[in-house]
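Numbered per our numbering, the sequence shown spans residues 2 to 170. Backbone N, C-alpha and C fix where the C-beta goes; we use that ideal spot for every residue, glycine too. The next block holds one structure in the form of structure tokens; read it before the comments.
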Amino acid sequence: MPLDTKDIRPTWVEINLDNLKHNVMEIKRITSSSVKICAVVKADGYGHGALEVAKTAISCGASYLGVAFLDEALKLRKDGINAPILILGFTPESQFDTIIENDITQTVYNLHSTIVLSEKAVKQNKKAKVHIKLDTGMNRIGFQPSTSSISDIEKIFSLEGVEVEGVFT
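Shown next, in the form of structure tokens:
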């Protein structure tokens with residue numbers, strides 16, 4: 002039975018969507034027109050409501066939405082969000098077909114799983130969209146700064162079933 006903490010920790014957060022809209026528009030205003038904004042809405046928009054935050058961010062200029070897991074991306078798709086969605090974390094290879102079928106972008110951080118993703122995309126006559134994750138010291142996920150990582154990343158760019166949309170840290 003889950004512990005009910007509402008009496009122990011009576012905390013809440015409210016977000017003003019007009020302020021969110023203003024902030025996204027300000028970022029768009031002060032950056033180059035080529036800059037793309039990824040509004041991260043993982044964990045139900047950090048508890049603020051992923052759908053509402055996503056719709057607001059997209060309506061005022063966000064180009065991408067970021068989520069932690071495939072189930073979050075699929076919920077946004079089910080709720081009518083057609084904007085690009087980037088899964089920021091790990092997805093099991095068994096779910097790669099679902100990623101491709103739903104036009105979701107996957108973070109990649111090793112050559113092996115990217116090859117598997119590419120092969121599955123080729124079988125569907127599609128391209129799997131990916132962002133390459135570089136580890137800059139957090140030691141979570143990402144390609145390590147090494148000669149072998151450079152070689153692996155070069156190979157990813159040549160995979161038939163993969164479209165590299167970006168690189169991030």
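How far does the alpha helix (DSSP H) with residue i in it reach, from first residue to last?
| i | result |
| --- | --- |
| Leu112 | 112-124 |
| Thr137 | Segment: none, Thr137 is in no alpha helix (DSSP H) and carries neither H nor E. |
| Phe97 | 97-102 |
| Val54 | 51-60 |
| Asp72 | 71-79 |
| Thr148 | 148-158 |
Which one or two residues does DSSP pair with residue i in a beta bridge?
| i | result |
| --- | --- |
| Ala129 | Val163 |
| Gln107 | Ile88, Val131 |
| Val168 | Ile133 |
When we look at the beta-carbon of residue i and count the other beta-carbons within 10 Å, is it buried (16 or more) or exposed?
| i | result |
| --- | --- |
| Asp153 | buried |
| Gly1 | Here the chain comprises residues numbered 2 to 170, so residue 1 is not present and cannot be evaluated. |
| Phe158 | exposed |
| Thr108 | buried |
| Ser33 | exposed |
| Ser95 | exposed |
| Ser119 | buried |
Looking at the unbroken beta strand (DSSP E) that takes in residue i, where does it start and where does it end?
| i | result |
| --- | --- |
| Val41 | 39-41 |
| Val68 | 65-68 |
Please report the straight-line C-alpha distance between residue i and residue j, rounded to a whole angstrom.
| i | j | result |
| --- | --- | --- |
| Leu66 | Thr148 | 31 Å |
| Pro85 | Tyr110 | 19 Å |
| Ile101 | Leu18 | 31 Å |
| Leu75 | Pro146 | 32 Å |
| Ile151 | Lys134 | 12 Å |
| Lys128 | Phe144 | 22 Å |
| Glu155 | Ile16 | 42 Å |
| Asp72 | Val54 | 17 Å |
| His132 | Ile105 | 11 Å |
I'd like to know if the segment 111-121 and the segment 81-90 are in contact, where contact means that at least 3 CB-CB pairs between them fall below 8 Å. no
Across the segment 19-39 and the segment 52-62, are there enough close Cβ pairs to call them in contact, namely three or more that are closer than 8 Å? yes
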